[in-house]
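> Chains Z and R are the protein sequences, given in the same order. For the first sequence, the residue numbers in my numbering are 1 to 312. For the second sequence, the residue numbers in my numbering are 1 to 277. Note that CB positions come from ideal geometry on N, CA and C, so glycine has one too. Please find one structure pasted underneath; my questions will follow.
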Amino acid sequence: MAEKIATRDAYGKTLAELAVSDKNLVVLDADLSKSTKTGDFAKVCPERFVEMGIAEQNMVAVAAGLATLGKHVFCSSFAIFAVGRAFEQVRNAVAYPQLPVTVAATHAGITVGEDGATHQAIEDISLMRSVPGMTVVVPADAHETAQAVRLLAEYDKPAYLRLGRLAVESVMPEDYQFQIGKGFVLRDGADAVIFACGLMVQEAVKAAEMLAAEGIDAAVVNLPTIKPLDTELVISMAKKCGAVITAEEHNINGGLGSAVAEVLAENCPTPMLRVGVADVFGQSGKPAELMAEYGLNADALAAKVKEVITRK
Amino acid sequence: MGVIFVDTLKLEATARQMRQEIIKMITAAGSGHPGGSLSAADIMTVLYFDKMNLRPDEPKWDGRDYFVLSKGHAAPALYAALALRGFFPVEQLETLRKLHSPLQGHPVSTKVPGVDVSTGSLGQGISVAAGIAKGLKIDGKPNHVYALLGDGECQEGEVWEALMFAAHYQLDNLTVIIDRNCLQIDGKVDEVMSISPLDKKLDAFGFNVLMVNGHNIESIGRAIDTAKAEKGRPTAIIANTVKGRGVSFMENQVGWHGNAPKPEEAAQALQELQDMR
Chain Z
1 MAEKIATRDA YGKTLAELAV SDKNLVVLDA DLSKSTKTGD FAKVCPERFV EMGIAEQNMV
61 AVAAGLATLG KHVFCSSFAI FAVGRAFEQV RNAVAYPQLP VTVAATHAGI TVGEDGATHQ
121 AIEDISLMRS VPGMTVVVPA DAHETAQAVR LLAEYDKPAY LRLGRLAVES VMPEDYQFQI
181 GKGFVLRDGA DAVIFACGLM VQEAVKAAEM LAAEGIDAAV VNLPTIKPLD TELVISMAKK
241 CGAVITAEEH NINGGLGSAV AEVLAENCPT PMLRVGVADV FGQSGKPAEL MAEYGLNADA
301 LAAKVKEVIT RK
Chain R
1 MGVIFVDTLK LEATARQMRQ EIIKMITAAG SGHPGGSLSA ADIMTVLYFD KMNLRPDEPK
61 WDGRDYFVLS KGHAAPALYA ALALRGFFPV EQLETLRKLH SPLQGHPVST KVPGVDVSTG
121 SLGQGISVAA GIAKGLKIDG KPNHVYALLG DGECQEGEVW EALMFAAHYQ LDNLTVIIDR
181 NCLQIDGKVD EVMSISPLDK KLDAFGFNVL MVNGHNIESI GRAIDTAKAE KGRPTAIIAN
241 TVKGRGVSFM ENQVGWHGNA PKPEEAAQAL QELQDMR
């Protein structure tokens, strides 16, 4: 089995690497630097790390101030606070003036685990996707995260980077190059296509393997950029396979599933089912237990693929 | 002291002119916030015509001081200051709040020369200003940052997060000016949600606190000089003002927070400002 690394770990490691080469980078955190891994950057570059205390609204607007001076800022907290509590600061102080701030939030989704629903953001993609001009990136593994962080450090627009707490398998090939707005076909197929993001990509790969054993040929497409979405790839794969599943660790309303549904409804209506948290709050539990409970693991995905194929 | 006296007269004349432009543009727009724009006019005059380092022909000049209008609804005061200072033509002021005008109801950095920070949502501007001040410290630059807040705005929790941050990082390159006109949309600040004792709160948060008559040009100037000389902590200037200052029927009237004068009211207002001494 491939080595498991959390996307937040790759984030901290990459920031620390960039600290040396990118003197324009400033990193902010709201008392969670050990968890978000911005502490890795703080260790090597204390002069450009700013501890903000437990004050996320101020953090995001301070990031806007630093960006006003031309700095590129990463500001981090858990997704529920960075995007939930500070939503309006992200919208008005960062996105509206088009400042180069990356809101890099960790602990997104239900795999936060035992902390329970208060800390499990399942609305963040939806919120960020609805802000005009916002780029929304959800990397699938450590390799993709590292590339996304490097690219966003040079990006001249506001962005949201969604990261997870849980260690995930490496799914992207070594020679893969992350590009904003580009999806990646991990496995081609003919019977159905699974569009996935974040840790659901590893589940989608497993589900496709399970289905292959039963003679079902499911494609797996990683869509790391929810906005702007790779509409060309979404349309072409949907047309080719004729049945679509979306998979995300997020509310089924407003996230990747909604983004794909919007594109397909307007361009090539296709039988489709969305896999995600079914518009309910999460709860405490071990990540794997929660994934099973809310129908987010490979088993549940495979079952949904079979179901959607019957609608063709 | 003769020279200073002449300068003061000149600045007072500029403030009158700024108030007239505020009335004219809000009247032309048919909406806007005259009360809090008029209360801030003298403060804006001292900043833009005396104390701030600026280059109107080079708005993004590296050496400039930064001004953040945290009380973004006083945009007419900022636009008047910028236009009179030469950042854009005064004639443009009449496009305030009109479709496709750069002069939006609340200031936008991407559209108006001289506006460094987009504001309008209360409580955010002071945080952005503090972020600029922190960035200047990181870079070891001498530029000063000013943030103008409303007193009602101080009810926003984020204001106190920002004050805590500014004091914690000893941002002595930040001066927060509070336009203490004692009124907000729903009534008197003390009755809606008291922020008193504001001076003690600011002091307890680690600020150098100064109190001035916000309509006395010389006092405002001296307070800003004192603020810039302070080392190791940021300064907050509580500027006691009169909402609607300069127009008799608007002064201390809560109804003039966000209403445009009718043409005949505007004519009277402009006449009063003409006669103002």
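#1: Which same chain residues end up closer than 7 Å to A302 (chain Z) when comparing Cβ atoms and leaving out the 5 residues on each side of it in sequence?
#2: Is R274 (chain Z) close to chain R, meaning its C-beta is less than 8 Å from at least one C-beta of that chain?
#3: Is D217 (chain Z) a contact residue of the ligand HEM, with contact defined as CB to any heavy atom under 7 Å?
#4: Cutting at 6 Å between CB atoms, please list the residues of its own chain near L32 (chain Z), excluding the five before and the five after it.
#5: Using a C-beta to C-beta distance shorter than 8 Å, which residues of chain Z count as neighbours of F165 (chain R)?
#6: Can you confirm whether A302 (chain Z), when its beta carbon is compared against all beta carbons of chain R, has any partner nearer than 8 Å?
#7: Mind checking if Y96 (chain Z) is an interface residue toward chain R, Cβ cutoff 8 Å exclusive?
#8: Output, in chain order, the set of chain R residues within a Cβ distance shorter than 7 Å of T135 (chain Z).
#9: Take Y294 (chain Z) as the anchor and find which of Z:A95, Z:E203 and Z:I110 has the nearest alpha-carbon.
#10: Between the C-alpha atoms of D115 (chain Z) and H106 (chain R), what's the straight-line distance to the nearest angstrom?
#11: Are the region 56–66 of chain R and the region 9–19 of chain R in contact at 8 Å, needing three or more beta carbon pairs?
#12: Per the DSSP calculation, A196 (chain Z) is bridged to which residue(s)?
#13: Indicate whether at least one CB of chain Z lies closer than 8 Å to the CB of G140 (chain R).
#14: Alpha carbon to alpha carbon, how far is G2 (chain R) from T8 (chain R)?
#15: Taking only three categories from DSSP, how would you classify S125 (chain Z)?
#16: As a quick exercise: from R:K243, R:E218, R:L270 and R:A236, pick the residue whose alpha carbon is nearest that of D50 (chain R).
#17: Leaving aside the five residues before and after I5 (chain Z) along the sequence, list all residues of the same chain whose C-beta is less than 8 Å from its C-beta, in chain order.
#18: Using DSSP with H/G/I as helix, E/B as strand and the rest coil, what is A95 (chain Z)?
#19: Could you tell me the alpha carbon to alpha carbon distance between L183 (chain R) and T235 (chain R), rounded to whole angstroms?
#20: For K286 (chain Z), count neighbouring Cβ atoms within 10 angstroms of its own Cβ and tell me buried if that reaches 16, exposed if not.
#21: Helix, strand or coil: how does DSSP classify T235 (chain R) here?
#22: Taking 7 Å as the limit between beta carbons, can you name the residues of its chain near D22 (chain Z), skipping five residues before and five after?
#23: Kindly indicate the opening and closing residues of the beta strand (DSSP E) around F78 (chain Z).
#24: Within 8 Å of any Cβ in chain Z, is that where the Cβ of S127 (chain R) sits?
#25: Identify whether K200 (chain R) lies in helix, strand or coil by the three-state DSSP scheme.
#26: Enumerated in chain order, which unbroken segments of the beta strand (DSSP E) with a length of 3 residues or greater are wholly contained in the region 22–79 of chain Z?
#27: For the beta strand (DSSP E) containing Y160 (chain Z), name the first residue and the last one.
#28: Whose C-alpha, out of Z:E214, Z:A218 and Z:L223, is nearest the C-alpha of K182 (chain Z)?
#29: Check the Cβ of K134 (chain R) against every Cβ in chain Z and list those closer than 8 Å, keeping chain order.
#30: Of the choices R:A81, R:G32, R:T110 and R:L148, whose alpha-carbon is the least far from that of H124 (chain R)?
#31: Check for me: the beta strand (DSSP E) holding Y146 (chain R) runs from which residue to which?
#32: Measuring only between beta-carbons, confirm whether A269 (chain R) sits less than 8 Å from chain Z.
#33: Helix or strand or just coil, what does DSSP make of Q253 (chain R)?
#34: Return the chain-ordered ranges of every alpha helix (DSSP H) run that is complete within the region 223–297 of chain Z and spans a minimum of 4 residues.
#35: In chain order, what residues of the same chain have a beta carbon less than 6 Å from the beta carbon of L103 (chain R), not counting five sequence neighbours either side?
#36: Give the DSSP bridge partners of Y66 (chain R), in chain order.
Taking the structure as given:
#1: Walking along the first sequence from the start, residue 302 (chain Z) turns up at place 302. So the qualifying residues of the chain are A207, M210 and L211.
#2: As a working mapping, residue 274 (chain Z) is identified with position 274 in the first sequence. No, its Cβ sits nowhere closer than 8 Å to a Cβ of chain R.
#3: Questions concerning the ligand HEM fall outside what the structure shown contains, since it holds no ligand whatsoever.
#4: Position 32 of the first sequence, counted from the start, is the residue given in the question as residue 32 (chain Z). Excluding positions up to five away in sequence, the list reads S77.
#5: One-based indexing of the second sequence puts residue 165 (chain R) at position 165. Those within 8 Å of F165 (chain R) in chain Z are M52, G53, A55, N58 and V62.
#6: Stepping through the first sequence from its first residue, residue 302 (chain Z) is reached at position 302. Closer than 8 Å: no.
#7: Against the first sequence, residue 96 (chain Z) aligns to sequence position 96. For Y96 (chain Z), the answer is yes, since a Cβ of chain R falls inside 8 Å of its Cβ.
#8: The residue given as residue 135 (chain Z) occupies position 135 in the first sequence. Here the premise fails: no neighbours, minimum Cβ distance about 17 Å.
#9: Looking up residue 294 (chain Z) in the first sequence gives position 294. It is Z:I110 whose Cα lies nearest to the Cα of Y294 (chain Z).
#10: Sequence index remark: in the first sequence, residue 115 (chain Z) carries index 115 (1-based). Sequence index remark: in the second sequence, residue 106 (chain R) carries index 106 (1-based). Distance between the alpha carbons of D115 (chain Z) and H106 (chain R): 40 Å.
#11: no
#12: Your numbering for residue 196 (chain Z) matches position 196 in the first sequence. For A196 (chain Z), which the question treats as bridged, DSSP gives the partners Z:N222 and Z:A247.
#13: In the second sequence, counting from the first residue as 1, residue 140 (chain R) sits at position 140. No, because no Cβ of chain Z sits closer than 8 Å to the Cβ of G140 (chain R).
#14: Indexing the second sequence from 1 puts residue 2 (chain R) at position 2. Indexing the second sequence from 1 puts residue 8 (chain R) at position 8. Caution is warranted here: a pLDDT of 43 is assigned to G2 (chain R), below 50, making its placement in the model unreliable, and no coordinate value can be reported.
#15: Translated into the one-based positions of the first sequence, residue 125 (chain Z) becomes position 125. Correcting the residue identity first, residue 125 (chain Z) is Ile in this sequence and not Ser. Helix.
#16: By 1-based counting over the second sequence, the position of residue 50 (chain R) is 50. Of the listed residues, the one whose Cα sits closest to D50 (chain R) is R:E218.
#17: Counting from 1 along the first sequence, the entry for residue 5 (chain Z) is found at position 5. Cβ neighbours of I5 (chain Z) beyond the five flanking positions: D141, A142, A167, V168 and S170.
#18: Here residue 95 (chain Z) refers to the residue found at position 95 of the first sequence. Note: A95 (chain Z) maps to helix in three-state DSSP.
#19: Start at 1 with the first residue of the second sequence, and residue 183 (chain R) comes out as number 183. Start at 1 with the first residue of the second sequence, and residue 235 (chain R) comes out as number 235. Cα-Cα distance, rounded: 23 Å.
#20: Counting from 1 along the first sequence, the entry for residue 286 (chain Z) is found at position 286. Counting Cβ neighbours within 10 Å, K286 (chain Z) comes out exposed, since fewer than 16 surround it.
#21: On the second sequence, position 235 is the one that residue 235 (chain R) refers to. T235 (chain R): strand per DSSP, three-state reduction.
#22: Here residue 22 (chain Z) corresponds to residue number 22 of the first sequence, with the count starting at 1. For D22 (chain Z), where only same-chain residues beyond five positions count, the Cβ hits under 7 Å are A153.
#23: To locate residue 78 (chain Z), count along the first sequence from 1; it is residue 78. Run containing F78 (chain Z): H72 to F78, per the beta strand (DSSP E) assignment.
#24: Working through the second sequence from its first residue, we reach residue 127 (chain R) at position 127. Chain Z, which has a Cβ nearer than 8 Å to the Cβ of S127 (chain R), makes this yes.
#25: If you number the second sequence from 1, residue 200 (chain R) lands on position 200. Of the three classes helix, strand and coil, the one that applies to K200 (chain R) here is helix, per DSSP.
#26: 25–29, 49–51 and 72–78
#27: The residue you call residue 160 (chain Z) lines up with position 160 of the first sequence. Looking at the DSSP string, the run of the beta strand (DSSP E) that includes Y160 (chain Z) is A159 to R162.
#28: Sequence index remark: in the first sequence, residue 182 (chain Z) carries index 182 (1-based). Closest by alpha carbon: Z:L223.
#29: Position 134 of the second sequence, counted from the start, is the residue given in the question as residue 134 (chain R). Residues of chain Z passing the Cβ test: V50, V62, G65 and L66.
#30: As a working mapping, residue 124 (chain R) is identified with position 124 in the second sequence. For clarity, residue 124 (chain R) is Gln in the given sequence; the question names His instead. Considering only alpha carbons, the answer is R:L148.
#31: The residue given as residue 146 (chain R) occupies position 146 in the second sequence. Unbroken beta strand (DSSP E) run through Y146 (chain R): V145 to G150.
#32: Reading the second sequence from its first residue, position 269 is the one you call residue 269 (chain R). So no, A269 (chain R) is outside the interface.
#33: Counted from its first residue, the second sequence places residue 253 (chain R) at position 253. If DSSP states are grouped into helix, strand and coil, Q253 (chain R) belongs with coil.
#34: 231–241, 256–267 and 287–293
#35: Translated into the one-based positions of the second sequence, residue 103 (chain R) becomes position 103. Around L103 (chain R): Y79, T95 and L96.
#36: Sequence index remark: in the second sequence, residue 66 (chain R) carries index 66 (1-based). Its beta-bridge partners are R:V145.
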